[in-house]
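Residue numbers (full-length UniProt numbering): 1 to 152.
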């Protein structure tokens, strides 16, 4: 089953690539890899939520938002690689969580992104990863996800 078919089976479609908020591009292909810029949880051109995880945003909400970020990152990858079927594997994911000072569940939040990638790509979706807590993200987004994909 292709990644596109797997997305459809999950009831998901690739969104339009999120327009950059500043002076950068959503994704760059270099050789056999595509590097995405950080993707925030934009849905239909609007930020799905704002605030800090562990304060205004629950860990479970943030996990779903990380999933949205990963879907946006896949759209960026597809645009640079000529479609998701050209993805060989997901190599690395970095997830940033804007969190309250006492919040420590960053890995569980970023699991939202990692689990989506596993659902779409199977074993090829397993990746190295960092989950980083930060004070604030662009537009007061609760989460941001970037990834590196190997492509053919």
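C-beta atoms are modelled at their ideal positions from N, C-alpha and C, and glycine is treated no differently.
Since this is a predicted model, take the numbers as computed values, not measurements.
Near residue i, what residues of its chain come up, given a Cβ to Cβ distance below 7 Å and the 5 sequence neighbours on each side ignored?
i          : result
residue 72 : 15, 18, 39, 42
residue 10 : 119
residue 47 : 40, 41, 139, 141
residue 61 : 49
From the options, pick the residue whose C-alpha is nearest to that of residue i; which is it?
i           : options          : result
residue 147 : 117, 22, 54, 141 : 117
residue 108 : 65, 141, 92      : 65
residue 70  : 2, 7, 1, 140     : 7
residue 142 : 63, 123, 92, 124 : 63
residue 168 : 122, 137, 128    : Outside the shown range of the chain, which is 1 to 152, sits residue 168, and nothing can be said about it.
residue 112 : 59, 87, 85       : 59
residue 57  : 114, 103, 3      : 103
residue 67  : 115, 32, 122     : 115
residue 2   : 110, 86, 126     : 86
In the DSSP assignment, what are the bridge partners of residue i?
i           : result
residue 30  : 33
residue 137 : DSSP lists no partner for residue 137.
residue 93  : 129, 147
residue 57  : 53
residue 99  : 53
residue 46  : 43
residue 87  : 151
Leaving out five residues on either side along the sequence, give the residues of the same chain with a beta carbon under 6 Å from the beta carbon of residue i.
i           : result
residue 34  : 27, 77, 80, 81, 149, 151
residue 75  : 14, 15, 17
residue 100 : 52, 54, 55
residue 124 : 89
residue 144 : 38, 40, 96, 137
residue 140 : 50
residue 105 : 59
residue 29  : 80
Going by beta carbon distance, what residues of the same chain come within less than 8 Å of residue i, once the five residues before and after it are set aside?
i          : result
residue 25 : 37
residue 83 : 4
residue 32 : 88, 150, 151, 152
residue 20 : 26, 37
Is the CB of residue i under 8 Å away from at least one CB in chain B?
i          : result
residue 75 : Absent here is chain B; the protein component of the structure consists of one chain.
Does the stretch 128-148 touch the stretch 86-104, meaning 3 or more C-beta pairs lie closer than 8 Å?
-> yes
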